[in-house]
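To keep things clear, I will list the structure first and then write my remarks on it.
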Amino acid sequence: MWLVFCIFDHLLNCRHINFHPYLQLFYNMQHNNLFKHPLLAAVILFLGFWSIPSFSFAQDDLRVEPPSWWAGMKHNKLQLLVHGKDITAMKAVIKYPGITLESQESVENPNYLFLNLLLDQKLKPGSFDITLTVNGKKTYSYRYEIKQRDAGSASRQGFTPADVVYLLMPDRFANGDPANDSMPGMLEKPDRSKPLGRHGGDIAGIRKHLDYIKELGVTTIWPNPLLENNNKAASYHGYAITDFYRVDPRFGTNADYRALVDEAHGKDLKVIMDMVFNHCGLNHWFINDLPMKSWIHQFPEYTRSNFRAESITDIYAAETDRNLMLQGWFDTNMPDLDQRNPYLREYLIQNSIWWVEFAALDGIRLDTQPYPYKEMMAEWSKRIFMEYPNFNLVGEAWMQRESMTAYYQKDAIVGDGYNSGVPSVTDFPLYNAMTRAFTENESWDEGMARLYYVLSQDFLYANPNYLLTFLDNHDLNRYYNSIGRDLQALKMATAFLLTTRGTPQIYYGTELLMDGNSGVSHGDIRKDFPGGWPGDTLNAFTPQGRNAGQNEAFDYMQKLLNWRKNNAALTHGKLKHFVPADGVYVYFRTAGEQSVMVVINRNTKDKVLNMSRFAEGTAGYTAGLDVVNGNSVVLGAEMNFPARTATVYELKK
Ligand code: CA
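The numbering used here numbers the first residue of the sequence shown as 2 and each following residue consecutively.
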């Protein structure tokens, strides 16, 4: 019996053969210890023995990516990656009206074929078999589906400066389905006691709290990556993807993801997908069976990136430095993809388009923008906008200087002629200024002047309003921590973030005064949202579950967010600011007849301002409506502004 089992076991482990269900049953019986019941085993074995030789080939034998496509896409080509045992010499056959199999390409690894398809504009939705044959005999078969595009999918409006983005970490936001915390085949099991462990948050949790997000007043959700991260440890953050076409089962299914987007859209909320192009997870299935050596950057021993993103724009950079930046691995468990490889480049581009179409996305957040080859990313953005002209992309351009940030934005005016095609980029220079401006001592170039210096560099940007502005994110100290747990400073900073130029982004929990230091651990800045887990003692999703300070922060943010939504001066108005003086910073946002005046007095004492200095902003207006407390004031020659407060007036004629 044991010998028979061993043979079957070996055969069943041959990936390319999908055995008759009887053999699968036999296998399962052994693995489930059913042979402890000898009579049952004997009956099953006897009944099934009739049909052993009739094994067949089925869908599971082949992996085809993208796993499906759509009729009516602008780009008329599709390259399918096909993976199966020893398929390199097989002949692919596709018979479907509107599709021409132009060529098939073999690569170094005999387990791959790349099929180049030409799609006719008259291609209709439907399904067909992709068959691989040997001497005309069908050996493998894969059922492929051409789907109907959603109505209006091509004209979908991406997020804009009228939106405010809410960034949340799915594993840490809310656990809507404890049943999926541990899933078969997934290596890491939940452990909420570990700051870097999996805590069980999921898509169901986000869906459950969409009303909270809506109520806060943000308009767009950016969850950290939701795709499969089947890694032994630290899989919760999502940036070591092991399957580019599958939502991690501990978060839910692909269908759950689409349902989240549909539900969000139903509440007028947009959704941005976080995508990674620089690297994947070490356990990615194609890393275990690389199509070719040049798919990833390989070194004789583990070689880390130098993380010197400046070397990409530096015209004097040594090739050694630039190559190490581009080719070194981000981390030990993140193989570095080589986007110069034309098959990989096409694979990644099609993957993005597949998700935009499949999940009806409103934007993509591009992880580690300077790390993948910039030429590939420019081609990628072109292809995205070819299909979705009104879409939006935001690149994580984590740079210290305005000039280098500007380089990564679409239509940048730069010496080497590079154009990333990415409309939004992260504004780290302004972030750096905001972490200090509200707490340090005021001087010629410190305090409020920091904000002024950063904004006065905006001539470098092709489009300053499309900069993603933020007080913190999943990689940075919690803002409340940066400013020494000072609620008044948080309120001033929030008012500034939501009224200056740019597209604001808020990190989940900042509205709850969540504290955390990235130096302690990344887990410290990615704590669980209180109330997101069954049995949590406090539920901060409700006012009753928040303490007084949390409610003050939440209410303040909520007021400004909901007011901002419909204020043209803020969503697309011009900015005019005055050089900060004596710890007071005054600026105006204006669009047509709408005008907003902001006065940030960060002093510990009230300040009386001579208003004549600001006449070019106030001319033609007689009164101001205080957006926060609802009071109306008459604009006078001298006005008093309270200590440690941002005063926001809607100006009235
Ligand atoms: Ca869960």
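Just so it is clear, CB atoms sit at the ideal spot from N, CA and C, and this is done for glycine as well.
A check of alpha carbon separations from Asn334 across Lys233, Thr511, Asp178 identifies Lys233 as the nearest. Distances from the alpha-carbon of Lys86 to those of Pro98, Val65, Trp70, Thr101 put Val65 closest. One alpha carbon belongs to Leu270, the other to Tyr303, and they sit about 43 Å apart. Counting along the chain, Ile214 sits inside the alpha helix (DSSP H) bounded by residues 211-217. Arg193 is a Cβ neighbour of His200, given a cutoff of 9 Å. Residues Tyr453 of the same chain have their beta carbon placed closer than 7 Å to that of Val580, with the five preceding and five following residues left out of the count.
Taken in chain order, the whole beta strand (DSSP E) runs of length 3 or more contained in the region 575-651 are 575-578, 585-592, 595-602, 608-611, 624-627, 633-635, 639-642. In this structure Leu118 is buried. Its beta-carbon is surrounded by 16 or more other beta-carbon atoms within 10 angstroms. In this structure, Leu499 lies away from Tyr432, with their beta-carbon atoms at least 9 Å apart. For Asn181, the CB falls within less than 8 Å of some heavy atom of ligand 1. In the structure shown, Met187 falls within a coil segment according to DSSP collapsed to helix, strand and coil. Residue side-chain check: Asp203 places its Cβ nearer than 8 Å to a non-hydrogen atom of ligand 1. Non-local C-beta neighbours of Thr436 in its own chain, meaning closer than 6 Å and more than five positions away in sequence, comprise Ser483, ordered along the chain. In the structure shown, Trp564 adopts helical secondary structure according to DSSP, grouped into three states. For Trp223, the pairing in a beta bridge is given by DSSP as Leu168. Contact check for Thr504 and Asp473: beta-carbon distance about 16 Å, past the 8 Å limit, so the pair fails to qualify. Classified as exposed, Leu188 has fewer than 16 neighbouring CB atoms from the shown chains inside 10 Å of its CB. Distance from the Cα of Thr369 is smallest, within the candidate group Ala398, Phe471, Glu106, for Ala398. One alpha carbon belongs to Gln506, the other to Ser306, and they sit about 28 Å apart. Taking 8 Å as the cut-off, one finds no heavy atom of ligand 1 near enough to the beta carbon of Arg208. A Cβ-Cβ contact shorter than 9 Å links Thr221 with Tyr167. Look at Arg251: its beta carbon is less than 8 Å from one of the heavy atoms in ligand 1.
Taking a C-beta distance under 9 Å as the contact criterion, Asn77 and Gln122 qualify as a contact pair. In the DSSP assignment, Gly267 falls within the unbroken alpha helix (DSSP H) covering 255-267. The alpha helix (DSSP H) runs of length 4 or more contained entirely in the region 364-446 are, from start to end of the chain, 375-388, 403-408, 429-438.
Of the heavy atoms belonging to ligand 1, at least one sits nearer than 8 Å to the Cβ of Gly177. For Gly127, the closest of Pro171, Phe542, Leu561, Trp70 by C-alpha to C-alpha distance is Trp70.
With contacts defined by Cβ atoms closer than 9 Å, Leu456 and Thr427 do not form a contacting pair. Residue pairing by DSSP places Arg305 opposite Trp330 in a beta bridge. DSSP lists Asn117 as the beta-bridge partner residues of Ser104. Annotation for Asp322: Asn307, Arg309, Ser312 place their beta carbon closer than 7 Å to its own, counting only its chain and skipping 5 residues before and after. According to DSSP, Thr470 shares a beta bridge with Pro505. Between the alpha carbons of Gly364 and Val609 lies a distance of about 44 Å.
In summary, Lys195 is exposed, with fewer than 16 beta-carbon neighbours lying within 10 Å of its beta-carbon over all protein chains present. Counting along the chain, Lys148 sits inside the beta strand (DSSP E) bounded by residues 138-148. Closest by C-alpha distance to Lys492, out of Thr406, Asn289, Val600, Gln299, is Val600.
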